[in-house]
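Read top to bottom, the protein sequences are chains A and B. Everything in the first sequence is counted per numbering that gives the first Met the number 0, starting at 0 for the first residue and increasing by one. Everything in the second sequence is counted per numbering that gives the first Met the number 0, starting at 0 for the first residue and increasing by one. From the three backbone atoms N, C-alpha and C, an ideal C-beta is built for every residue, glycine too. Reviewing the structure listed below.
2 protein chains.
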Amino acid sequence: MSIAHHRRKQPELVRQQLLEVAARLSLEQGAAGVTLDAVSQAAGVSKGGLLHHFPNKMALLNGLFDDLTEKLDRAIEEEMRNDPVAHGRFTRAYLSVVFALEEDADAQRWQVLTIALLSELQLRERWRLWVADHADEFVGTDSSPGCLLARFAADGLWLADILKSHDVDQPMRQAMRAQLVALSLQ
Amino acid sequence: MSIAHHRRKQPELVRQQLLEVAARLSLEQGAAGVTLDAVSQAAGVSKGGLLHHFPNKMALLNGLFDDLTEKLDRAIEEEMRNDPVAHGRFTRAYLSVVFALEEDADAQRWQVLTIALLSELQLRERWRLWVADHADEFVGTDSSPGCLLARFAADGLWLADILKSHDVDQPMRQAMRAQLVALSLQ
DNA sequence: ATTGACAAACCGTCCAGACGGTATCTTAAT
DNA sequence: ATTAAGATACCGTCTGGACGGTTTGTCAAT
Numbered sequence: 000m001s002i003a004h005h006r007r008k009q010p011e012l013v014r015q016q017l018l019e020v021a022a023r024l025s026l027e028q029g030a031a032g033v034t035l036d037a038v039s040q041a042a043g044v045s046k047g048g049l050l051h052h053f054p055n056k057m058a059l060l061n062g063l064f065d066d067l068t069e070k071l072d073r074a075i076e077e078e079m080r081n082d083p084v085a086h087g088r089f090t091r092a093y094l095s096v097v098f099a100l101e102e103d104a105d106a107q108r109w110q111v112l113t114i115a116l117l118s119e120l121q122l123r124e125r126w127r128l129w130v131a132d133h134a135d136e137f138v139g140t141d142s143s144p145g146c147l148l149a150r151f152a153a154d155g156l157w158l159a160d161i162l163k164s165h166d167v168d169q170p171m172r173q174a175m176r177a178q179l180v181a182l183s184l185q
Numbered sequence: 000m001s002i003a004h005h006r007r008k009q010p011e012l013v014r015q016q017l018l019e020v021a022a023r024l025s026l027e028q029g030a031a032g033v034t035l036d037a038v039s040q041a042a043g044v045s046k047g048g049l050l051h052h053f054p055n056k057m058a059l060l061n062g063l064f065d066d067l068t069e070k071l072d073r074a075i076e077e078e079m080r081n082d083p084v085a086h087g088r089f090t091r092a093y094l095s096v097v098f099a100l101e102e103d104a105d106a107q108r109w110q111v112l113t114i115a116l117l118s119e120l121q122l123r124e125r126w127r128l129w130v131a132d133h134a135d136e137f138v139g140t141d142s143s144p145g146c147l148l149a150r151f152a153a154d155g156l157w158l159a160d161i162l163k164s165h166d167v168d169q170p171m172r173q174a175m176r177a178q179l180v181a182l183s184l185q
């Protein structure tokens, strides 16, 4: 911050703002709403300015993806640090994060974005890699059928939250979570 | 067929062909690949011809959605007819259909389409309605936490199949299915 | 003769990206 | 401490193409 004080241009803030706005637009207007014009204008930057930070649209989308997975990874690591049991540790952390998503208002913005990102071929592949890498990293502790099933169920719940298709009340949610945690231990 | 025989133009076939091609394009090129130009050209029809069958693009997407849910409903009904146990009957039928998806080569084409459809705001709402309607219809038999959980897990597996993120081998798949069926009964 | 099923040309809009330019910041030599 | 030199962070405009949709034309079947 000491630097920021005598620094009038703060490119990192602009970059963050652009990502923020892009995520918000995808939430409010769907994937089609994320155009260079719309993003730059809503972020109070010219299109040239946007393209300075992200040389093309794909770079912007990749930036969103990076931001998303980074946050996800941090949240998961945080949860894993507080779990003494090795077996299914990653799965339980994953469960925690997914179950927390609905309550975190900030996180909601990212949920719909995920769907939008998944509809892009290249980003779908990146997502695949993310999953594969994590499955690989925790193959020793989290590859039992129970763990896999628990994570699948979490994904299903996450999808339902996005679509608001079911509304699961809080007691039911907690009951489900308990059952999935039990699965992760078996 | 008797009509088609002495009829050179077969509008119903063209319509089917258009939907087929649109689904294929979304699989091969992502949602962005489904343009009126691309669909009509790949279907061997002029753009005017396409717009004769579907007055605008949304109508085409709605047509895809209708086709998809129709097939889904038929498959589910078929499965439900062969299940003597009332409790969780819908959930088990849902499981059967989802687990069968990966084997059915024809069905694969529709999987990615689903994601593409979900990225469209209006179609997401239609999907929400479909889910809500079915949850409502079978509220007496399929609203237990076990059933809900089983369906969530099926959705997660379906997502994993689409992304090819995990490759679950056949024995594991069957074990998971058995476990989910058990959940649907509890 | 009318109509349904297309084809072909065309229109207006939107959008990704290029480009030329300007303001601001950093570095380092003086 | 000043300042020249270059890098970085933007801005505003333009363009070529894509895309959704319209209009008009054609032709076979009824």
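Just how far apart, CA to CA, sit R80/A and T90/A?
C-alpha separation (whole angstroms): 13 Å.
Per the contact definition of three or more C-beta pairs closer than 8 Å, is the segment 23-36 of chain B in contact with the segment 114-125 of chain A?
The segment 114-125 of chain A is in contact with the segment 23-36 of chain B.
Can you list, in chain order, the stretches of the alpha helix (DSSP H) that have 4 or more residues and sit fully within the segment 107-165 of chain A?
Entirely contained in the segment 107-165 of chain A, the alpha helix (DSSP H) runs reaching 4 residues are, in chain order, 120-136 and 144-162.
Rounding to the nearest angstrom, what Cα-Cα distance links H86/A and D72/A in this structure?
Approximately 19 Å, taken between the alpha carbons.
Report all residues from its chain with a CB closer than 6 Å to the CB of L188/A; omit the five preceding and five following residues, and keep chain order.
Chain A is shown only over 0 to 185; residue 188/A falls outside these bounds and no answer can be derived.
7 Å is my cut-off, CB to CB: does M57/A come that close to chain B?
With 7 Å as the cut-off, M57/A does not count as an interface residue toward chain B.
Let's test the definition: count the other Cβ atoms within 10 Å of the Cβ of V84/A and tell me whether it reaches 16, buried, or not, exposed.
Result: exposed.
When the Cα of Q15/B is compared with those of Q178/B, Q40/B and H52/B, which residue comes out closest?
Minimum Cα distance to Q15/B is reached at H52/B.
In or out: M57/B buried (at least 16 other Cβ within 10 Å) or exposed?
The residue in question, M57/B, is exposed, as its Cβ has fewer than 16 Cβ neighbours within 10 Å.
So, is L17/B buried or exposed, given that buried needs 16 or more other C-beta atoms within 10 angstroms?
Buried, since its Cβ has 16 or more Cβ neighbours within 10 Å.
At which residues does the alpha helix (DSSP H) containing F64/A begin and terminate?
Looking at the DSSP string, the run of the alpha helix (DSSP H) that includes F64/A is K56 to R80.
Identify which residue in R150/B, S142/B and L100/B has its Cα closest to the Cα of L67/B.
The shortest Cα separation from L67/B among R150/B, S142/B and L100/B belongs to L100/B.
Step through the CB atoms of chain A and report whether any lies within less than 7 Å of the CB of P144/B.
Answer yes: the Cβ-Cβ gap between P144/B and chain A drops below 7 Å somewhere.
Are the segment 167-176 of chain A and the segment 104-118 of chain A touching, with three or more C-beta to C-beta distances below 8 Å?
The answer is no - the segment 104-118 of chain A does not touch the segment 167-176 of chain A, with fewer than three Cβ pairs under 8 Å.
Is the beta carbon of A159/A sitting closer than 7 Å to the one on H165/A?
Taking 7 Å as the Cβ cut-off, A159/A and H165/A qualify as a contacting pair.
Does any residue of chain A bring its CB to less than 7 Å from the CB of M79/B?
Cβ-Cβ to chain A under 7 Å: no for M79/B.
Any chance the CB of D65/A is under 6 Å from a heavy atom of the ligand GDP?
In the structure on display, the ligand GDP does not appear, and there are no ligands present to speak of.
Give the residues from the segment 112-129 of chain B that approach chain A closer than 7 Å (Cβ to any Cβ), ordered along the chain.
The residues in question are I114, A115, L117, S118, E119, L120, R123, W126 and R127.
Can you say whether A74/A is buried or exposed, counting buried as having 16 or more other CB atoms within 10 angstroms of its CB?
Classification of A74/A: buried, given that the 10 Å Cβ count is 16 or more.
So which residues on chain B does S45/A lean against when the C-beta distance must stay under 8 Å?
Ordered by position in chain B, no residue passes the 8 Å Cβ test against S45/A, which lies about 25 Å from the chain.
At a Cβ threshold of 7 Å, is A3/A touching chain B?
Reliability of the predicted coordinates at A3/A is poor, the pLDDT of 34 falling under 50, and the value obtained from them is presented with this limitation in mind. It does not; no Cβ of chain B falls within 7 Å.
Could you pull out every residue in the same chain whose Cβ sits closer than 7 Å to the Cβ of R23/B, ignoring the five residues on either side in sequence?
These residues qualify, in order along the chain: R108.
What residues of chain A sit near L148/B, judged by a beta carbon separation below 7 Å?
The contacting residues are A152, M175 and Q178.
What residues in its chain sit with their C-beta under 6 Å from that of L94/B, if we drop five residues either side in the sequence?
Within the same chain, L94/B has close Cβ partners A153 and L179.
Terminal residues of the continuous alpha helix (DSSP H) containing P10/B?
That run of the alpha helix (DSSP H) goes P10 to Q28.
In chain A, what lies closer than 9 Å to S95/B by C-beta?
Chain A residues near S95/B: none, gap ~16 Å exceeds 9 Å.
Residue range of the alpha helix (DSSP H) that G48/A falls in?
Residues K46 to H52.
At 9 Å on the CB atoms, spell out the chain A contacts of G139/B, in chain order.
None at all; the shortest Cβ gap to chain A is about 16 Å.
Over what stretch of residues does the alpha helix (DSSP H) that includes V180/A continue unbroken?
Segment Q169 to L184, the alpha helix (DSSP H) holding V180/A.
Between F137/A and the rest of its own chain, which residues show a CB-CB distance below 7 Å, the 5 nearest in sequence each way excluded?
These residues qualify, in order along the chain: F89.
Report yes if the C-beta distance between G155/B and F64/A is below 7 Å; otherwise report no.
Going by C-beta atoms, G155/B is not nearer than 7 Å to F64/A.
With a cut-off of 7 Å, does the C-beta of L60/A fall near any C-beta of chain B?
Not one chain B Cβ lies under 7 Å of L60/A.
Using DSSP with H/G/I as helix, E/B as strand and the rest coil, what is G32/A?
Three-state result, G32/A: helix.
Compare the beta carbon distance of V33/A and A21/A with 7 Å and say whether it is the shorter of the two.
Cβ distance < 7 Å, so V33/A and A21/A count as in contact.
Does L162/B have its Cβ less than 7 Å from a Cβ in chain A?
Chain A, which has a Cβ nearer than 7 Å to the Cβ of L162/B, makes this yes.
Measure the CB-CB distance between L35/B and L12/B and report whether it falls below 7 Å.
No, these two residues do not count as a Cβ contact at 7 Å.
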